[in-house]
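Residue numbers (the numbering used here): 1 to 310. Using N, Cα and C, we set each Cβ at its ideal position, and we do this for glycine too. As the structure is a computational prediction, the values presented were derived from the model and not from experiment. Taking it in order: structure first as structure tokens, then the write-up.
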Amino acid sequence: MLRRVRTALRGKYRKYKDTFVKSLLEGDTEANVDYLADTLLDFMEQECERCMSNRMMCALRPACPNRKFLNILLRFGVDVKDLPSFCYEQQLSSVNTYLEGSSKTKIIDTVLPIKEFLNLLSGGGERLMGPLREGNVEKLSKELFIELKRATPEVLTSVGEDYILALVDDGLYYFDLSCEIAIINPRDTTIKSKKIISDLINIYRERYKLDLELREEFEGLFYLDIFIPLENSQNKFKDKIEGILKDYEQKFLRFTDYVSNYFTDSKINLVLEIKTPTIQQKNDVTFKKIINTFIQINNLIKEINQLSPA
1 MLRRVRTALR
11 GKYRKYKDTF
21 VKSLLEGDTE
31 ANVDYLADTL
41 LDFMEQECER
51 CMSNRMMCAL
61 RPACPNRKFL
71 NILLRFGVDV
81 KDLPSFCYEQ
91 QLSSVNTYLE
101 GSSKTKIIDT
111 VLPIKEFLNL
121 LSGGGERLMG
131 PLREGNVEKL
141 SKELFIELKR
151 ATPEVLTSVG
161 EDYILALVDD
171 GLYYFDLSCE
181 IAIINPRDTT
191 IKSKKIISDL
201 INIYRERYKL
211 DLELREEFEG
221 LFYLDIFIPL
231 ENSQNKFKDK
241 IEGILKDYEQ
251 KFLRFTDYVS
261 NYFTDSKINL
271 VLEIKTPTIQ
281 QKNDVTFKKI
291 INTFIQINNL
301 IKEINQLSPA
């Protein structure tokens with residue numbers, strides 16, 4: 001008797017996603033990777049053609065959320081002439097609207113070639129394009145700072161050997177000069193080095209005016225010491241403060257690897273541990289983890305400062 005063959009497979013493979021990713025990261029056989037790449041790229045081409053055939057859908061509700069396929073292609077360095085043209089036009093328009101401050105939504109993990117971004121930012125001015133062509137990172141950073149301050153005085157920048165970070169109000173720009181791309185509001189983007197993590201921490205320390213010390217106990221293992229001053233009147237709320245800290249401990253553990261706190265009559269010392277790519281086999285440190293950590297630190301301080309005698 002022939003066994004009945006079950007053909008319904010939808011959802012069955014997804015539970016092996018982590019194993020699949022691990023296999024690719026560890027270097028599966030070249031033939032397997034080549035086959036998967038061909039299959040994926042063919043699928044992406046078909047999806048992009050289908051999406052752009054309905055311009056209304058492509059403009060308002062693209063088939064891939066947040067134009068993820070387009071952003072992947074841009075990260076790969078695909079030539080502009082080989083991009084899905086109408087989709088790319090929508091991306092340029094969205095970024096331009098965002099830069100003008102008239103966007104009603106915050107764009108996330110949005111990628112553009114750095115030349116295109118600087119062209120939108122400066123209106124084609126030579127002031128930004130010149131330093132980029134010259135490879136003068138310091139000069140480019142200074143000119144970026146000047147250009148971004150036209151919109152708001154709240155601009156913080158940090159410069160590395162092949163990158164620039166710029167925090168504008170609550171918007172973050174990451175310029176990856178080695179890949180020649182700009183990422184607007186990176187969140188799920190992986191952070192490639194501990195230097196970028198360190199610079200990002202220092203930018204947000206300044207943004208939130210925190211009493212914070214960054215120390216590296218071992219190679220690639222960061223500890224953040226955050227000091228929160230307490231008023232004499234707040235000592236009456238010791239039990240409440242302990243409860244607040246306990247609640248926030250769980251929130252911090254979503255983004256960090258370890259959390260502890262110590263507090264006296266005059267201050268709280270919050271300690272957070274962050275593992276950098278240097279000591280991790282699989283780098284899972286994203287911009288979102290660092291940014292959300294600082295959002296929670298700021299929320300914690302606000303909640304404690306609201307405690308006052310009845």
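Limits of the beta strand (DSSP E) - the one that residue i falls within
i: V259; result: 258-263
i: L112; result: 110-113
i: V155; result: 155-159
Beta-carbon spacing of residue i, residue j below 8 Å
i: E116; j: R127; result: no
i: L245; j: N232; result: no
i: Y208; j: I304; result: no
i: I226; j: L270; result: yes
i: T276; j: G220; result: yes
i: G160; j: I196; result: yes
i: V111; j: N71; result: yes
i: R121; j: L132; result: Going by the sequence as given, residue 121 is Leu instead of Arg. Cβ atoms of L121 and L132: not closer than 8 Å.
i: T157; j: I164; result: yes
i: C51; j: Q90; result: no
i: A240; j: L307; result: First, the residue type needs correcting, since residue 240 is Lys and not Ala in the sequence shown. Yes, the pair counts as a contact, with Cβ atoms nearer than the cut-off.
i: I181; j: L74; result: yes
i: L230; j: I279; result: no
i: T256; j: I228; result: no
i: L214; j: F222; result: yes
i: F287; j: I191; result: yes
Straight-line Cα distance separating residue j from residue i
i: Y173; j: K251; result: 25 Å
i: D199; j: N54; result: 43 Å
i: T293; j: A166; result: 18 Å
i: I108; j: T97; result: 14 Å
i: R61; j: S93; result: 15 Å
i: V258; j: K15; result: For clarity, residue 258 is Tyr in the given sequence; the question names Val instead. Cα to Cα, Y258 sits roughly 28 Å from K15.
i: E47; j: A63; result: 7 Å
i: L25; j: T19; result: 10 Å
i: V285; j: L224; result: 15 Å
i: I290; j: D162; result: 20 Å
i: T39; j: S103; result: 36 Å
i: M44; j: A37; result: 10 Å
i: I301; j: E49; result: 50 Å
i: L212; j: L272; result: 11 Å
i: V80; j: E217; result: 45 Å
i: Y35; j: T29; result: 10 Å
i: S266; j: G243; result: 18 Å
i: K106; j: L99; result: 11 Å
i: G130; j: C179; result: 18 Å
Chain E within 8 Å of residue i, Cβ atoms only
i: R215; result: In the structure shown, chain E cannot be found, because there is only a single protein chain.
Residue span of the alpha helix (DSSP H) that contains residue i, given as start and end
i: S102; result: Premise fails: S102 is in no alpha helix (DSSP H) and is neither H nor E.
i: N269; result: First-last for N269: 267-275, but that is the beta strand (DSSP E), not the alpha helix (DSSP H).
i: I146; result: 137-148
i: G125; result: Taken as a continuous stretch (DSSP letters only), G125 belongs to no alpha helix (DSSP H), as it is neither H nor E.
i: T286; result: Here T286 belongs to no alpha helix (DSSP H), and DSSP marks it neither H nor E.
Check your understanding: Three or more C-beta pairs closer than 8 Å, one from the region 186-193 and one from the region 146-153: is that the case here?
Key -> no
**Study point:** Ordered list of beta strand (DSSP E) runs contained in the region 164-252, each at least 3 residues
**Key:** 171-176, 181-184, 212-218, 221-229
Practice item. Can you check the region 5-64 for any alpha helix (DSSP H) of at least 4 residues that lies completely inside it and give the ranges in chain order? Key: 17-25, 30-53, 55-60
Exercise for review: Run through the region 61-95 for me and flag every whole alpha helix (DSSP H) of 4 or more residues, listed as ranges in chain order.
Suggested key: 68-75
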